[in-house]
Amino acid sequence: MSAPDDLTARVAVVTGGSRGIGAAYVRALHDAGARVVVADVLEDEGAALAADLGDRARFAVLDVTDEDAWTALVDDTVAAWGGVDVLVNNAGIANAGPIEHYPRSKWDAVIAVNLTGVYLGCRAVVPTMKAAGRGSIVNISSVEGMRGSRGLHGYVASKFGVRGLTKSLAVELGPHGVRVNSVHPGWIDTDMTARIDPTGLPIPLGRGGTPQDLTGTVLYLAGDASAYVTGTEIVVDGGMINNTGHL
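Going left to right, the sequence shown walks through residues 40 to 286 as my numbering numbers them.
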């Protein structure tokens, strides 16, 4: 991949941006020159991160399932900084259970955040991106959006949904200069994966991933180096999805 562009003229919004992978995206975009909105329900962590980064960062309270909160975030960002050039839909949750013991409440919760939240975010930023004639939406899916996984029914369905929504939006928004792509991480060292030992996973590169292993892909998709890339998925998993074992 090409080196990421200078993002000095760009405004980016990162959901779930206060910690973990989201915070890594925020810092990488900021380091590349972008003005960044840290959007999250975690107010103390998000506000502290924005304060640490300085004038080119803002914190916004955002529950990604709340339509009105999305409208307010975009309106406030446009008023402060003139638009939204990059949206990284990163916020997500996971839950699990065998299907006969997987209640509707678990299904609804993960679909609401992981899929409906992405839909609402895309819908909210499209008008300002269309008006500018450019934009990049980066939807964070998962390797579980490429395959099945025992017990993760809502999570897998939501991540497949993100992959599909990405493609339909890419077709619709391409004529307006707006690109939409999905990123599919494998095992990444976060609070969500703390109970899983990566040494037991079939990862050809021989190690689990870190949040920093994902930032280059997001920077690439955010900038003009990927100007002719839309509607595609980029898997960042150390090769794990390719290793199905041998007889």
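Glycine included, each C-beta is placed from N, C-alpha and C at the ideal position.
{"Query": "Can you tell me which of the three DSSP states Pro241 falls into?", "Result": "coil"}
{"Query": "Between Val117 and Pro137, what straight-line distance do the alpha-carbon atoms span, to the nearest angstrom?", "Result": "44 Å"}
{"Query": "So, at 7 Å on beta carbons, what are the nonlocal neighbours of Gly203 in its own chain, with the 5 sequence-adjacent residues on each side left out?", "Result": "none"}
{"Query": "Around the C-beta of His140, are 16 or more other C-beta atoms found within 10 angstroms, so that it is buried, or is it exposed?", "Result": "exposed"}
{"Query": "Just the C-alpha distance for Lys29 and Val80, rounded to the nearest angstrom, thanks.", "Result": "Residue 29 is absent from the model: the chain starts at 40 and stops at 286."}
{"Query": "Candidates Arg74, Val77, Asp147 and Glu211: which alpha carbon is nearest Thr104's?", "Result": "Asp147"}
{"Query": "Hey, out of Met279, Gly213 and Pro224, whose CA is closest to Gly184's CA?", "Result": "Pro224"}
{"Query": "Between which two residues does the alpha helix (DSSP H) containing Leu126 stretch?", "Result": "Counting along the chain, Leu126 falls outside any alpha helix (DSSP H), though it belongs to the beta strand (DSSP E) covering Val125 to Asn128."}
{"Query": "Please go through the same chain and pick out, in chain order, the residues whose beta-carbon is closer than 6 Å to the beta-carbon of Ser41, but skip the five residues on each side of it.", "Result": "Unreliable positioning characterises Ser41 in this predicted model, as indicated by a pLDDT of 38, which lies under 50. The coordinate reading is nonetheless provided below. Here the set comprises Ala264."}
{"Query": "Counting along the chain, where does the beta strand (DSSP E) carrying Ser175 start and finish?", "Result": "Gly174 to Ile179"}
{"Query": "In angstroms, rounded to a whole number, what distance separates the CA positions of Leu159 and Arg246?", "Result": "35 Å"}
{"Query": "Which residue wins for smallest C-alpha separation from Pro292, given the options Ala196, Ala170 and Met231?", "Result": "No answer is possible for residue 292: the residues shown for the chain start at 40 and end at 286."}
{"Query": "Using only CA atoms, which one of Ala119, Arg143 and Asn153 lies nearest to Val127?", "Result": "Asn153"}
{"Query": "Is it buried or exposed for Ser207, if we count other Cβ within 10 angstroms and need 16 for buried?", "Result": "exposed"}
{"Query": "Mind checking who Ala96 pairs with in its DSSP beta bridge?", "Result": "Val75"}
{"Query": "Near Ala89, what residues of its chain come up, given a Cβ to Cβ distance below 7 Å and the 5 sequence neighbours on each side ignored?", "Result": "Val77, Ala96, Arg97 and Phe98"}
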